[in-house]
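Report on the following structure.
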Amino acid sequence: MLIKNIEQRIRINKIVSLSAIGFAVFIVIAGFFFSYQIIQDSRRSIYILDNGVPVLTKQTDVLLNRPVEYKAQIELFHRLFFTLAPDDAYIKENIQKSLYLIDDSGKKEYTNLREKGFYNQIVASSSMVSIHADSITLNMDRNKFQFFGKQMITRKSSVITRKLITEGFFEDIIRSTNNPHGVLLKNWRIIDNDELSNQTKNSY
613 MLIKNIEQRI RINKIVSLSA IGFAVFIVIA GFFFSYQIIQ DSRRSIYILD NGVPVLTKQT
673 DVLLNRPVEY KAQIELFHRL FFTLAPDDAY IKENIQKSLY LIDDSGKKEY TNLREKGFYN
733 QIVASSSMVS IHADSITLNM DRNKFQFFGK QMITRKSSVI TRKLITEGFF EDIIRSTNNP
793 HGVLLKNWRI IDNDELSNQT KNSY
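In terms of the numbering used here, the sequence shown is residues 613 to 816.
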């Protein structure tokens, strides 16, 4: 009976000891993990001076924001390329900015429109051209995009609304002053630019 009691106590002591060791190991591992998380979180903290006042901000994972940047680049290119005024200098400036965001497919489309006299018509008729982006879809597996929007051509006597659907591909490049998102659009083409409406302005 005495031996059994001794064996039970030894067994209980072993269980308690092993449990204490296991708990201690768990505490150490958890401590390392939480310390690592705190260090990583502190590295993401950045102070930005706003008029001399430090403001705490947080870094975010570049990959998480990349699809947003792709869409921003696509929208920016289309806005620059298709926002036109009856001013040669303004047109050239916008086109030049847009061509930093795209490969030679953008230059080819610009040359095509210029040869058709599109830009001369804008200046001669004192027209304003603008676009409205409805949606942008991305295929991340193929690095492909589609842009859906409307193009508005405002003339003295009418407002023409045209459908604007384009597609192309995108590629990551080094960020620069002229291409802050670090995205190059490639093999871009207009696949639908049909007229939707032609409204005559009221003249008094």
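Backbone N, C-alpha and C fix where the C-beta goes; we use that ideal spot for every residue, glycine too.
Proximal residues to Thr812 (C-beta, below 8 Å), its chain only, five neighbours per side dropped: Translated into positions along the sequence shown, residue 812 becomes position 200. The residues are Ser769, Ser770.
Beta-carbon contacts of Asn706 that lie in its chain and below 8 Å, excluding the five residues immediately before and after: On the sequence shown, position 94 is the one that residue 706 refers to. Leu692, Phe693, Thr695, Leu696.
Mapping DSSP to helix, strand and coil, what is Ala697? What you label residue 697 is simply residue 85 of the sequence shown in a count that begins at 1. Looking at Ala697 - three-state DSSP - the assignment turns out to be coil, as it is neither helix nor strand.
Quick check on the burial criterion: 16 or more other C-beta atoms within 10 angstroms. Buried or exposed for Thr749? Position 137 of the sequence shown holds residue 749. So Thr749 ends up on the exposed side.
Collapsed DSSP secondary structure at Asp716 in the structure displayed: Counted from its first residue, the sequence shown places residue 716 at position 104. Asp716 falls in the helix class under three-state DSSP.
Does the distance from the CB of Ile743 to the CB of His690 come in under 7 Å? Here residue 743 refers to the residue found at position 131 when the sequence shown is read from its first residue. Here residue 690 refers to the residue found at position 78 when the sequence shown is read from its first residue. Taking 7 Å as the Cβ cut-off, Ile743 and His690 qualify as a contacting pair.
Below 8 Å on the Cβ atoms is my contact criterion, and I expect Phe757 with Ala745 to pass it. Report the Cβ-Cβ distance as a whole number of Å. For the purposes of this step, residue 757 is identified with residue 145 of the sequence shown, where counting begins at 1. For the purposes of this step, residue 745 is identified with residue 133 of the sequence shown, where counting begins at 1. Not confirmed; about 12 Å, so no contact.
For Leu808 and Phe646, what's the separation of their Cα atoms in angstroms? What you label residue 808 is simply residue 196 of the sequence shown in a count that begins at 1. What you label residue 646 is simply residue 34 of the sequence shown in a count that begins at 1. One C-alpha to the other measures close to 59 Å.
Please list the terminal residues of the continuous alpha helix (DSSP H) segment that includes Asn799. Translated into positions along the sequence shown, residue 799 becomes position 187. Careful: Asn799 lies outside any alpha helix (DSSP H), inside the beta strand (DSSP E) at 795-804.
Rounding to the nearest angstrom, what Cα-Cα distance links Glu893 and Gly761 in this structure? In the structure as shown, the chain begins at 613 and stops at 816. Residue 893 is therefore absent and cannot be evaluated.
Write down the C-beta distance between Ile772 and Asn810 rounded to the nearest angstrom, noting that I regard them as a contact closer than 8 Å. Looking up residue 772 in the sequence shown gives position 160. Looking up residue 810 in the sequence shown gives position 198. Going by Cβ atoms, the distance from Ile772 to Asn810 rounds to 5 Å, so yes, they are a contact pair.
Simplified DSSP state of Asn677, which is helix, strand or coil: Position 65 of the sequence shown, counted from the first residue, corresponds to residue 677. DSSP places Asn677 in helix when its eight states are reduced to three.
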